[in-house]
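In our numbering, the protein residues as written are 7 to 420.
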């Protein structure tokens with residue numbers, strides 16, 4: 007029986023534990039996390055593939071909704087991205103034609119979700135250790151064992167790095183090459199804050215993530231059952247945390263309390279699967295909070311592992327698939343910043359930043375799309391295949407983000 011170790015809890019760690027425990031045969035799964043470190047817990051939105059992973063893990067969506075303080079997410083509403091008063095929607099489309107297979111993306115409390123997945127995983131036989139890792143022994147690209155804070159050695163056959171921005175294996179041990187996307191994506195800092203909730207939501211109440219364009223970035227507001235999860239994403243070359251907080255307070259009309267500030271560098275590592283280790287989630291790569299691409303990518307990484315049956319012979323194929331997902335999401339996010347706002351130095355830099363070659367190939371001189379079918383887009387992006395629920399949103403979703411010079415209503419979208 008293979009000993010599989012997962013480093014890090016949070017959504018990435020516990021989802022990985024559940025997937026490996028169910029789909030990788032003849033394994034013993036152990037997850038190691040430190041309660042002293044905790045989880046980032048900043049992301050509170052998902053995309054339609056989240057319901058797919060819940061269903062594949064036999065997790066009831068109604069139970070998930072009740073126990074995690076969630077709301078159902080219909081898409082994202084963009085305010086003021088083109089001009090003051092402009093509105094655009096990225097909707098996730100009509101309900102699935104099969105009433106027994108509903109694809110419900112959720113807004114959720116990341117801490118409650120990690121706790122929820124943890125309880126299910128432990129009930130299904132996943133072992134849990136609350137400790138810090140102080141040393142990792144390896145020979146070349148093979149990880150041999152982990153040493154815990156109390157001196158305990160954990161032997162293993164395979165390890166998943168779900169340690170988030172700590173990147174404990176892929177960076178600290180493998181020192182893998184970093185592929186930066188900072189030439190294309192401008193954001194590098196964010197903070198989260200909570201607001202009280204007075205509304206009562208049921209699973210039948212559909213909500214949009216609200217993304218409001220600010221002077222130096224954008225603010226998200228997400229309705230949960232027990233609170234609002236909010237935050238400001240920005241570039242600290244243009245504004246400090248203190249001044250960003252003031253801008254939010256001026257916009258909302260009342261004071262806020264920042265819960266957490268985090269820095270990030272948009273990009274990814276060259277490989278996710280190295281030797282007997284795979285990095286999942288933030289430890290592998292991160293772009294920014296826009297469009298909930300991080301959780302979507304986690305699920306795509308796990309789905310690909312399931313598709314190849316965790317077979318080492320497909321390691322190169324897996325790494326290419328992971329890099330394609332991050333690149334596609336980078337192109338998609340970059341497209342958002344081709345909106346028409348240019349009234350501050352920040353937004354002027356967004357306009358002047360380079361457009362990635364693959365994205366530029368499908369745009370005209372006015373940054374409007376020149377392709378109209380999935381096949382045209384696949385050929386432009388040099389990809390071989392896709393499906394509606396995988397790889398990224400493609401044509402309809404690119405078209406849905408911004409319609410030039412007019413307010414966009416949900417009924418107008420493709």
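Note that the Cβ used here is the ideal one computed from N, Cα and C, for glycine as well.
From a predicted model like this one, the values you see are computed outputs, not experimental measurements.
- Cβ-Cβ distances below 6 Å link residue 152 to 139, 142, 160 in the same chain, with the five nearest sequence neighbours on each side left out; the list follows chain order.
- In the three-state DSSP reduction, residue 178 falls in the coil class, being neither helix nor strand.
- Distance from the CA atom of residue 233 to the CA atom of residue 16, rounded to whole angstroms, is 20 Å.
- Counted as a single uninterrupted DSSP element, the alpha helix (DSSP H) harbouring residue 328 occupies residues 321 to 342.
- Apart from the 5 residues on each side of it in sequence, residue 73 sits with its Cβ closer than 6 Å to the Cβ of 122 in its chain, given in chain order.
- With respect to the 8 Å criterion, residue 284 and residue 166 are classified as neighbours on the basis of their beta carbons.
- Within 10 angstroms of the beta-carbon of residue 7 lie fewer than 16 other beta-carbons, which makes it exposed.
- With a threshold of 16 other beta carbon atoms within 10 Å, residue 57 meets it and is buried.
- The stretch 181 to 190 makes no contact with the stretch 206 to 215; the number of CB pairs closer than 8 Å stays below 3.
- Rounded to the nearest angstrom, the gap between the Cα atoms of residue 137 and residue 43 is 10 Å.
- For residue 150, the closest C-alpha among the options 201, 290, 303, 11 is that of 11.
- With a cut-off of 8 Å on Cβ pairs, the stretch 17 to 28 is in contact with the stretch 167 to 180, counting three or more such pairs.
- In the DSSP assignment, residue 201 falls within the beta strand (DSSP E) that extends over 195 to 202.
- Residue 83: member of the beta strand (DSSP E) spanning 77 to 85, first to last residue.
- Judged by their CB atoms, residue 275 and residue 77 are not nearer to each other than the 8 Å cut-off.
- Ranked by Cα distance from residue 24, the first of 297, 312, 351, 361 is 312.
- Contact between residue 113 and residue 228 holds: their C-beta atoms lie close to 5 Å from each other, under 8 Å.
- By the Cβ-count criterion, residue 129 is exposed, with fewer than 16 other Cβ atoms from all chains shown falling within 10 Å of its own Cβ.
- As the crow flies, the alpha-carbon of residue 66 is around 26 Å from that of residue 96.
- Nearest to residue 205 by C-alpha distance, out of 259, 231, 387, 319, is 231.
- Looking at the DSSP output, residue 94 sits in a beta bridge with 84.
- Between residue 282 and residue 146, the gap from beta carbon to beta carbon reaches 8 Å or more.
- Within the stretch 129 to 164, no run of alpha helix (DSSP H) reaches 4 residues while sitting entirely inside it.
- For residue 265, the enclosing beta strand (DSSP E) starts and ends at 264 to 269.
- Inclusion of residue 83 and residue 217 in the CB contact set at 8 Å is warranted, their separation being smaller than that value.
- The beta-bridge partner set that DSSP reports for residue 229 consists of 234.
- 306 is the residue among 349, 323, 315, 306 whose C-alpha sits nearest the C-alpha of residue 334.
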